[in-house]
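First the structure, in the form of structure tokens, and then the observations on it.
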Amino acid sequence: MQQAQARAKPAETPGKTQTMIHKPFSDTATWTRHFRDFDIPVLTGTAEVIASLDPDDERIDANSLAEIVLKDPLMTLRVLVHASRKYASRLQTDVETVRAALILMGIRPFMRDFSQLVSVEQRIADQPLALAGLHAAVERAWRASRFALGFAVHRMDDDADVIHQAALLHDFMGLLLWCEAPQLALEVQHRQQQDPTLRTTQARHEVLHVETAPLELSLMTAWGLPALLRQMADPKFEQRPSVQNVRLAVRIARHTQHDWDNPALPDDFTDLGHLLGISRPAARELARELDS
1408 MQQAQARAKP AETPGKTQTM IHKPFSDTAT WTRHFRDFDI PVLTGTAEVI
1458 ASLDPDDERI DANSLAEIVL KDPLMTLRVL VHASRKYASR LQTDVETVRA
1508 ALILMGIRPF MRDFSQLVSV EQRIADQPLA LAGLHAAVER AWRASRFALG
1558 FAVHRMDDDA DVIHQAALLH DFMGLLLWCE APQLALEVQH RQQQDPTLRT
1608 TQARHEVLHV ETAPLELSLM TAWGLPALLR QMADPKFEQR PSVQNVRLAV
1658 RIARHTQHDW DNPALPDDFT DLGHLLGISR PAARELAREL DS
């Protein structure tokens, strides 16, 4: 793709002043109100690539843009929120995927609407520990999305693209915390380092004073995200194969973050084998192939 001359560069500061959260809010409703209109930052690499695109380049289409967007869970979230807010009221069905959202927007409107993206690396540049935490969370999201897509393709699931996105966004609340409340996110991380048996949901509840799952669902509803994507995060639908697909992908990505010797992995591969109708060794081999 050719680069345009004098194209806009990633914004170094948000379009409107945003003050980071240093103390937790008291309830889910207040957290939701804060993040509902949050100017979601994106990875610097994403902002730079989009800023370099030439809208007159005929090779740019929804598929090539989707490849860029889906490499960045924050940008993925931003595009889906934008599409839901701007177009949902005009449609009879949800905009369920990034690719569908881009087709709906069109290339030029996309470049216009996303010409001044906020860089998360610039936003928390003075907090290297938080930046490292963010990058680790992004890496887990990438790996989970690859696992989820591979499992969905194996199952020949018609919603493979949504499953891929759901895994990429599974911990979007954690990503937003690194962006907007890095000190609180670091406190969650510290508590888990002090007590390796402490689950993330419990640590966040202690620090944020709210349950993560209801907050995520509240935000997804406030943003108008598609119902199928919301169901992936809703405990009421946890027995659905597509939801199990996402959760197993997330579990395996988390348990293999450092190596493939985590003692929880045999149970993960047993469950994956049941989901895919294959043996535990075959499930392990499939996951290793998807991660190569």
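Our numbering numbers the first residue of the sequence shown as 1408 and each following residue consecutively.
C-beta: ideal position from N, C-alpha, C; glycine also.
Of all C-beta pairs linking the stretch 1657–1677 to the stretch 1519–1537, fewer than three are shorter than 8 Å, placing the two stretches out of contact.
Put simply, the backbone Cα of Lys1493 is about 9 Å away from that of Met1512. Gln1651 and Pro1516 have their C-alpha atoms roughly 36 Å apart. Taking C-alpha positions only, Ala1507 is separated from Arg1658 by approximately 28 Å. Using a Cβ distance threshold of 8 Å, Met1482 and Val1488 do not count as a contacting pair.
When DSSP states are grouped into helix, strand and coil, Ser1526 belongs to the strand group. Between Ser1649 and Asp1564, the C-beta gap is smaller than 8 Å, which places the two residues in contact.
When the Cα atoms are used, Arg1550 and Asp1698 turn out to be separated by approximately 7 Å.
Ala1640 is not a Cβ neighbour of Phe1558, given a cutoff of 8 Å. By a beta-carbon distance limit of 8 Å, Ala1544 contacts Leu1582. Their separation comes to about 6 Å. According to the DSSP secondary-structure assignment, Val1449 is paired through a beta bridge with Ser1526. Short of 8 Å from the beta carbon of Val1456, and not among the five residues preceding or following it, lie these beta carbons of its own chain, in chain order: Ile1475. With respect to Leu1460, Phe1579 sits apart: the two C-beta atoms are not nearer than 8 Å. In the displayed model, Leu1693 falls within a helix according to three-state DSSP. A distance below 8 Å between beta-carbons, with the five flanking residues on each side excluded, links Arg1637 to the following residues of its chain, in chain order: Leu1624, Met1627, Thr1628. Distance from the CA of Ala1548 to the CA of Asp1566, rounded to the nearest whole angstrom, comes to 18 Å.
For the stretch 1585–1635, the full-length alpha helix (DSSP H) segments reaching 4 residues or more read 1589–1601, 1607–1615, 1619–1630 along the chain.
The alpha-carbon of Gln1599 is positioned some 34 Å away from that of Val1560. Taking C-beta atoms as the reference points, Thr1619 and Arg1606 fail to come closer than 8 Å.
For the pair His1616 and Thr1663, the Cα-to-Cα distance works out to about 29 Å. Straight-line measurement puts the Cα of Gly1540 at about 7 Å from the Cα of Trp1585.
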